[in-house]
Each structure stands twice: as C-alpha cells, then as structure tokens.
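Position 87 of the sequence shown, counted from 1, bears residue number 178 in our numbering, the numbering being contiguous throughout.
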Amino acid sequence: MRGTFLKDRDGNARAIQWRTDHYGWFRGFGRPGPDAQPPSAFVVDTTFMGLPVKMHRKIVPALQCVEEEIKLTCADHPYTAHALAGIRFKNTYRGGEVTNHAYGIAIDVDPAINTCCGCVPPWNDAPACKRPAKTEYDRMAMPECWVHAFERYGFYWLGHDVLRDTMHYEFLGDPDRIVKAPTSSPSPSATVAP
C-alpha cells in the first residue's frame, strides 16, 4: 500500500527505482540508466472499454485482459465508462512520492463520478464522500466486479487505500510476467503469471 512506502523512505526509494528500471526515468525520481528514456517514450495509444487512453505499452496486455474479464463477469452489472485518464506528464503527488500515472501504469475511470474522498477538492466534496458507506465500494458508481477484474490482472485499486480513490487503478504486477495464453481459451487472452 502507498502508506507503507511513505512511512519507509528506503522502501519508497526502492519502489521508485523499480519503476524507473521497468518503465522509464521520470525526471527527478530514481537513478537513470545510461540510455534512460522517459516513460512517455514507451506510451502507446490504446482503448479500454471503447474509450481511448494513453498507457505504457508493457501493461496494455494486462489492461486488455481486464476488459475481457469485465465483459465476461460483469454482464449482470452494466456500467458504461465515459472518461479515462492514463499517463500524466507531471507529478501530482508531494513529499517524495511520484504518481504511477507518470509512468503510464495507472488509469482513472470516470473521475467525475468515481471520487477520491481522501484527496483535495473537488473530489472530496462529492456527495458520495459525505454519506455513510458500509464498504469502500459504496463510494463509487462503477460496480464492484470491475475492481475484482482489475485486481485479477495485477492492478491495485486505490479505493482500498487511505485516499479512498475509487477512480484509480495502478498496475503493480511485474510487467515482464504478463504472458499470452492460447487464443482458443474461453478466458481472457493473457494472464499475469504468479
């Protein structure tokens, strides 16, 4: 979880270096290698649930699996996404932390209606943040099955985090362990190996 790394300065530095080594050097964070390129050099245009989004090319197969999983398992809970946010070209965190959006490995789904109750206004002013909620899933518009689909393929949902950022998913799996499965399989076409 984010909080663990924030309390442990060395852990945060290791996490940033790991992302630097796997996704590119975001200026000001981590130690660049001799031929370091920014994460933006590895970003591709892709789609998720029919919407365009720019993401790091290494995680696109996992994102495609999430989409297939949602189509297979969430049919009883229809939800149509209207807006996505992928890579960011500036850091939106403070205190030595860097957002996973800067590496192109985080995606926000419908920020206007899937809020972030632990963030700054206008998100924490949303009505969903003010009403009582039995679970973190009660603070978002998208169905819970979307969260489980993302988690199955290596993404962490910040709705579980102290931020209660229900729009946000970040890939925390090892991008080098995403493997293609046979296309004849009725399940999604790629998996994140354990």
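Built from N, CA and C at the ideal position, the CB exists for glycine as well.
Is Ile161 closer than 9 Å to Met140 when the C-beta atoms are compared? Result yes, Cβ atoms of Met140 and Ile161 sit closer than 9 Å.
Take Ile150 and list the residues in its own chain whose beta-carbon comes closer than 7 Å to its own, dropping the five residues that flank it on each side. Apart from sequence neighbours up to five positions away, the residues of its chain that approach Ile150 with a beta-carbon distance below 7 Å are Ile196, Phe262 and Pro266, ordered along the chain.
Straight-line Cα distance separating Arg179 from Ala172: When the Cα atoms are used, Ala172 and Arg179 turn out to be separated by approximately 20 Å.
If you draw a straight line from the C-alpha of Val253 to the C-alpha of Asp216, how long is it? When only Cα atoms are considered, Val253 and Asp216 end up about 16 Å apart.
Locate the alpha helix (DSSP H) running through Ile178, then write down its first and last residues. Taken as a continuous stretch (DSSP letters only), Ile178 belongs to no alpha helix (DSSP H), as it is neither H nor E.
Only counting runs of 3 or more residues, tell me where the beta strand (DSSP E) segments fall wholly within the segment 212–259, in order along the chain. Taking 3 residues as the shortest admissible run, the segment 212–259 contains the following complete beta strand (DSSP E) segments, listed from N- to C-terminal end: 246–248.
With a cut-off of 8 Å on the beta carbons, I'd call Ala193 and Phe241 a contact; round off their distance for me. Separation of the CB atoms of Ala193 and Phe241 is rounded to 19 Å, and the pair is thereby denied contact status at 8 Å.
Give the C-beta separation of Ala174 and Pro202 to the nearest angstrom, bearing in mind that I take them to be a contact with Cβ-Cβ under 8 Å. So it is a contact: roughly 7 Å between Cβ atoms.
Under three-state DSSP, which class holds Ala193? Secondary structure of Ala193 (DSSP, three-state): helix.
Distance, Met233 Cα to Asp167 Cα: One alpha carbon belongs to Asp167, the other to Met233, and they sit about 12 Å apart.
Could you spell out the range, first to last residue, of the alpha helix (DSSP H) harbouring Pro143? It is not in any alpha helix (DSSP H) - Pro143 instead sits in the beta strand (DSSP E) that spans Leu142 to His147.
In whole angstroms, give me the CA-to-CA distance for Val135 and Met258. Between Val135 and Met258, the C-alpha separation is close to 21 Å.
On a CA-only basis, which of Gly264, Met231 and Asp229 is nearest Gly245? Give me that one, please. Considering only alpha carbons, the answer is Gly264.
Assigned secondary structure, Thr171 (DSSP; H/G/I helix, E/B strand, else coil): Per DSSP, reduced to three states, the secondary structure at Thr171 is coil, with no helix or strand assignment.
Of all the options Asp112, Gly121, Tyr114 and His113, which has the alpha carbon lying nearest to the alpha carbon of Asp101? Distance from the Cα of Asp101 is smallest, within the candidate group Asp112, Gly121, Tyr114 and His113, for Gly121.
Around the Cβ of Pro143, are there at least 16 other Cβ atoms within 10 angstroms (buried) or fewer (exposed)? When all chains shown are included, Pro143 counts as exposed.
Quick check on Leu154: buried or exposed, where buried means 16 or more other Cβ atoms within 10 Å of its Cβ? It is buried - the Cβ of Leu154 has at least 16 other Cβ atoms within 10 Å.
Leaving out five residues on either side along the sequence, give the residues of the same chain with a beta carbon under 8 Å from the beta carbon of Thr164. Cys236, His239 and Ala240.
At what residues does the alpha helix (DSSP H) containing Thr164 begin and finish? Its alpha helix (DSSP H) spans residues Val151 to Thr164.
Could you tell me if Gly124 is buried or exposed, where buried requires 16 or more neighbouring beta carbons within 10 angstroms of its beta carbon? Around the CB of Gly124, fewer than 16 other CB atoms lie within 10 Å, so the residue is classed as exposed.
Is it true that the CB of Arg185 sits closer than 9 Å to the CB of Lys208? Here the sequence assigns Cys to residue 208, which means Lys is not the residue at that position. No, Cβ-Cβ distance for Cys208 and Arg185 is not below 9 Å.
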